[in-house]
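Residue numbers (the working numbering): 115 to 523.
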């Protein structure tokens, strides 16, 4: 074989070989990729340890299937209350129907999407929080909402490794751990919905009533509003997983963790409050506020000049509304269908439910892109000087090249 052009076959060529200019950047990127992969593997190992701990604490270290069958028989044959008997039978029929559904053959889709949301969402939301806390001298009312939204999205993202672990075929998660992760996901999803609604309403009143003293005083209460949002979401989500879970429904849960039927979808009060307070009212508020914002901007005298780009503002408002609908409408529409077919849920509908939940999680990476990194104020904060302090390895490349020039939107 001719090795005249082969560096491995001729040591003299190695002496004349020049090191590529971008080899340092390549190695840094490779190291970062390997670090993220190693971190994800470490998280999955931690999940195994936590799951074993929860399982042993709750007395499910062994004999889980026999315990489930025994409790299921007791729950159906020895009821203690007439109303509880009817509810138990309905839930039992529903779970028995969905238990016959086979596991989806597209687990790799869940693994791929959840992994992407975890890595991208973790980077974007952490970057946003670093900028807000370290590079923002004064917080506006909108910034307070954005910080809480980033925290909610970050907490949601941190629950995704458990779902990745499950969809990789590791079905040994304890029921307590599954319910805890489901509760965290529910709290942060509706926390995001309410915070997005508050942000839209805050912008609307600021634009439509700029000279109102009452509006200015009300906007100063943004921290209290955020505190109320967290209290509302936690207080409304806990009954779904604790109070509304009767002893009988708890005992007939099948061991499918994130692939099982959501029991709260059979409860009229839970579904009605979720569809109205959790999604319907926020959707109406966002639609009305978005229309009022666009109407006020197009009719303002400033919009007729070159001082502002009214078309760009309208596109940003429309994009925010589209993201809200695309992420949360499929989930709540599927939840309504599950309630309608609660006595005999088709396997296809149960599969659609899990896909819609996956789509709702995409909100964790779309929020930063729509609300943080596309706004001129935020992008001024993330200038080259700030990036140099955050990533000193790139300081030589950025030094002397518009280090203080903001990126115009």
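Don't be surprised by glycine CBs; every beta carbon is placed ideally from N, CA and C.
The three-state secondary structure of residue 347, taken from DSSP, is helix.
Looking from the CA of residue 283, the closest CA among 224, 339, 244 belongs to 224.
In its chain, beyond the 5 residues on either side, 430, 433, 434, 437 have a beta carbon closer than 8 Å to the beta carbon of residue 484.
Residue environment: residue 288 is assigned as buried (16 or more neighbouring CB atoms within 10 Å of its CB, all protein chains considered).
Contact annotation: residue 273 and residue 245 have beta-carbon atoms that are not nearer than 8 Å. In the structure shown, the three-state DSSP call for residue 334 is coil. Three or more pairs of CB atoms, one per stretch, sit closer than 8 Å, so the stretch 254-263 contacts the stretch 309-316. Residue 318 holds the alpha-carbon nearest to the alpha-carbon of residue 330 among 341, 340, 318. Note on residue 351: 16 or more other CB atoms within 10 angstroms of its CB, so buried under the neighbour-count rule. If you ignore the 5 residues before and after residue 475, its C-beta comes within less than 6 Å of the C-beta of 231, all in its own chain and listed in chain order. Using a 10 angstroms sphere on the CB of residue 275, the tally of other CB atoms reaches 16 or more, which defines it as buried. Within a 10 Å sphere around the beta-carbon of residue 398 sit fewer than 16 other beta-carbons, which makes this residue exposed.
Rounded to whole angstroms, the separation of the alpha carbons of residue 324 and residue 305 is 27 Å. Rounded to the nearest angstrom, the gap between the Cα atoms of residue 391 and residue 451 is 18 Å. Here DSSP, grouped into helix, strand and coil, assigns residue 482 to helix.
By the CB criterion at 8 Å, residue 270 and residue 233 fall outside the cutoff.
Spanning the alpha carbons of residue 448 and residue 373 requires a straight line of approximately 15 Å. By the Cβ-count criterion, residue 328 is exposed, with fewer than 16 other Cβ atoms from all chains shown falling within 10 Å of its own Cβ.
If one requires a minimum length of 4 residues, no alpha helix (DSSP H) run lies completely within the stretch 437-468. Assignment of residue 273 by DSSP, reduced to helix, strand and coil, places it in the coil class. Taking 8 Å as the cut-off, the beta carbon of residue 371 is found no closer than this to the beta carbon of residue 468.
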